[in-house]
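What follows is a short report on a single structure.
2 protein chains.
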Amino acid sequence: MTPGAQHPDAPAPQPLRSDAERNRERIVAAARKVFARDGLGASMASVAREAGVGIATMFRRFPTKEELVDAVFADRMDAYAQAVAVALDDPDPWHGFVGYIEAACAMQAADVGFADVLTAVFPGAKALERRRDEAYEGMVRLIGRAKETGRLREDFDPSDLVLLHMANAGVVSSTGDAAPDAWRRVAALFTQSFEAPARGPLPASPRHEALYQAMLRTAPAGAGAPAPDKKG
Amino acid sequence: MTPGAQHPDAPAPQPLRSDAERNRERIVAAARKVFARDGLGASMASVAREAGVGIATMFRRFPTKEELVDAVFADRMDAYAQAVAVALDDPDPWHGFVGYIEAACAMQAADVGFADVLTAVFPGAKALERRRDEAYEGMVRLIGRAKETGRLREDFDPSDLVLLHMANAGVVSSTGDAAPDAWRRVAALFTQSFEAPARGPLPASPRHEALYQAMLRTAPAGAGAPAPDKKG
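So the sequences go chain by chain: C and E.
So the mapping is simple: the numbering used here equals the position in the first sequence, first residue as 1, plus 256.
So the mapping is simple: the numbering used here equals the position in the second sequence, first residue as 1, plus 256.
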C-alpha cells in the first residue's frame, strides 16, 4: 500500500499523537539503549543526546532519573517476575529455583542497566518497585518450597539472592563483550554452593534493613535528584 | 626538642627534599585516599584537588593514570603476593587456599580502588604488574597443591579466582558501609562451591585470553591515556 493510502475498510485515522507523547517515546527508547550499554550511571544528558531532544525537553518529560528508570525497566521487571512465576509452577521446586537463578542472571548479562536495577532500589519508581515487591514475595515462597524438598540448604536467606545479583553485576560489568558467558560459570558455582547438605556454616547474612540501605545508596548518583530545571 | 634544634649526635641535616618530590608524595597520598573511597574511576582532577596541587603539576608528575595507579598500589599488590606466600607456607594446602581467599577478599573490601585493581590489568603499571605476575605464579602452585590433597575440585581453574574477584568487587561496591561484612558470606559461599567433590559439572571457564581482554577493558576510562598537557 502506498504511503497515505487508506484501505477502504480501515478505521478512520487516529489523531496525530502529540509532540509530547512522541518525545516521551523517543526518550524511553533512547534510555533503553543507553542504559543497556552503559548501566544506570549514564547521564540524563547522554540519554537526551541519543534521543535527539534538548535537555529541557528531557527534564519536562522525566523530572527525575527515577521516573525514567521506572518507564524503561517496569516491563523488564515484569519479565523478571514472570521468571519467578515459572519457577513456582515447576513441580520440582529445586529445579524451578535453579532455573530462576539462571534466568535472572541471564537478564542481568543481557542488559547492564537491568543488572544495576537488581542491585538498587528506586523508591520513586512506583511501578517498578511494586513489581519487584510482587516478585520478592514469590521468591520467598519458592525458597520455602525448595527447602521443604531438602535440596536447598536450610540456612539460605532471601538476601542471598540479592548478594548473588550484586556479585553477578560485578562479573557482567567486568567481563562484558570480552567474555560474555563467564557469568554462567559464576551462577553455577553459586547454585552448587546453595545446594543441601551445606558444606559448612556461613557468616551471618547482612540484616535486611542494612541491605536495603545498601541498595538505596547503590542507586546511581542523581537517580532521585530533582531536575535542575523543571520549567526548561 | 625545639624546632630547628639539632641534637649534638644527630647526622648533618638532609638537604631539603625538592618541590617535585614533595608534590609527588602529596599526590600519591591523596590518590591513595581518593581511590580507596571512590575506586579507580575517580578522575585525575579529583586527586589533584585532594592533593592541593594544580592539574598541570599533577600531569607533570604522573603523565598517565596508569603511572599513578602503579605508584599507589604496587605496595598493596606486595601485600597480596604476601597472602599467597603465607598460603603456600601452610602445611595444609586447602587450609592455605581458603585463608588466601579470605585475605584477598578482605583486601578488596578494605579498599574499593584495590578491588578494582584485582579485576583489571594496567600494562603501563610496570611494578604493579610484575608483582601481580609473581602472585599469579604462586597461586597456580597453590591450586595444584590443593588439588593434590583432594580438597579442591578437579575442574577448578585459576581464572575462577579472577571471576571471584570480579564478583566480590560487585558486592563490595554495592554494599559499602551499609553492609560492610556482606562480602564474608559471599566469599564463604564461593569457597564451599570450590570444595571437592564437585556437586556437578560447570560451564566452561572463559578462555584466559578473553579474560585478559576483559581485564584490559575494565581498566577505568582514561587509565592509560596520555595526559592532555604534558608540558603544563
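Just so you know, even glycine gets a beta-carbon here, dropped at the ideal spot from N, CA and C.
In this text, all values refer to a predicted model and were calculated from it rather than measured experimentally.
Cβ shell of residue i (< 7 angstroms), same chain only, five flanking positions each side left out
i	result
Met395 (chain C)	Val340, Pro414, Leu417
His464 (chain E)	Ser415
Pro462 (chain C)	Ser415
Val309 (chain E)	Asn279, Arg282, Ile283
Tyr336 (chain E)	Ala360, Met363, Ala391
Trp350 (chain E)	Ala402, Thr405, Arg407, Leu408
Ala383 (chain E)	Asp326, Ala330
Arg397 (chain C)	Leu344
Ala292 (chain E)	Asp367, Val368, Gly369
Closest Cα partner of residue i within the set the options
i	options	result
Asn424 (chain E)	E:Val368, E:Ala402, E:Val354	E:Val368
Ala489 (chain C)	C:Arg305, C:Arg440, C:Arg288	This structure cannot settle anything about residue 489 (chain C), because the visible part of chain C is limited to 257 through 488.
Ile399 (chain E)	E:Ile357, E:Val427, E:Pro436, E:Met422	E:Ile357
Ala327 (chain C)	C:Arg473, C:Gly406, C:Asp437, C:Phe370	C:Phe370
Leu324 (chain C)	C:Pro379, C:Asp346, C:Gln338	C:Pro379
Asp411 (chain E)	C:Arg386, C:Ala444, C:Leu384	C:Ala444
Arg386 (chain E)	E:Val354, E:Asp331, E:Arg293, E:Arg397	E:Asp331
Ala276 (chain E)	E:Ala383, E:Phe315, E:Pro349	E:Phe315
Backbone secondary structure at residue i - three-state DSSP
i	result
Leu374 (chain C)	coil
Glu451 (chain E)	strand
Leu408 (chain E)	strand
Asp413 (chain E)	coil
Ala518 (chain E)	Beyond the ends of chain E as shown, which are 257 and 488, falls residue 518 (chain E); an answer cannot be given.
Asp485 (chain C)	Residue confidence for Asp485 (chain C) is low, a pLDDT of 37 falling below 50, so the modelled location carries little weight and cannot support an answer.
Gly297 (chain E)	coil
Asp433 (chain C)	helix
Arg473 (chain E)	helix
Arg463 (chain C)	coil
Gly394 (chain C)	helix
Ala261 (chain C)	Low local confidence applies: a pLDDT of 47 at Ala261 (chain C) is under 50, so the model's placement there is unreliable, and no value is given.
Ala307 (chain C)	helix
Ser302 (chain E)	helix
Gly380 (chain C)	coil
Gly426 (chain C)	helix
Gly456 (chain C)	coil
Cβ-heavy atom distance, residue i to the ligand MG, below 7 angstroms
i	result
Leu419 (chain E)	As presented, the structure is devoid of all ligands, the ligand MG included, so that no description of it is given.
Cβ pair residue i, residue j closer than 8 angstroms
i	j	result
Glu451 (chain C)	Arg409 (chain E)	no
Leu432 (chain E)	Ala286 (chain C)	Looking at the sequence provided, one finds Gly at residue 432 (chain E) rather than Leu. No, the Cβ-Cβ distance between Gly432 (chain E) and Ala286 (chain C) is not below 8 angstroms.
Leu199 (chain C)	Ala435 (chain E)	As displayed, chain C neither begins before 257 nor continues past 488, which places residue 199 (chain C) out of reach and without an answer.
Val290 (chain C)	Ser302 (chain C)	yes
Thr474 (chain C)	Thr405 (chain C)	no
Arg388 (chain C)	Met333 (chain C)	yes
Ser449 (chain C)	Gln448 (chain E)	yes
Leu472 (chain E)	Val377 (chain E)	yes
Residue i at chain B interface by Cβ criterion, 8 angstroms
i	result
Ser430 (chain C)	Looking at the structure shown, chain B is missing, and the protein chains on hand are C and E.
Own chain residues within Cβ distance below 6 angstroms of residue i, not counting five before or after
i	result
Arg280 (chain C)	Arg317
Val373 (chain E)	Phe329
Gly352 (chain C)	Ala343, Asp346
His421 (chain C)	Leu374, Thr375
Phe446 (chain E)	Leu420
Ala491 (chain C)	Outside the displayed span of chain C (257 to 488) sits residue 491 (chain C), for which this structure offers no information.
Asp304 (chain C)	A small correction: the amino acid at residue 304 (chain C) is Ala; Asp does not occupy that position in the sequence shown. Taken in chain order, the residues that qualify are Ile311, Met314.
Cut-off 8 angstroms between Cβ atoms - residues of its own chain near residue i, not counting five sequence neighbours on either side
i	result
Val427 (chain C)	Ala438, Trp439, Val442
Ser429 (chain C)	Gly295, Val368, Ala371
Ala381 (chain E)	Glu322, Glu323, Val325, Asp326, Phe329, Ala330
Pro453 (chain E)	Arg409
Asp348 (chain C)	Thr405
Alpha helix (DSSP H) segments (min. 4 residues) lying fully within the segment 312-375 of chain E: You should have 321-345, 349-366, 368-373.
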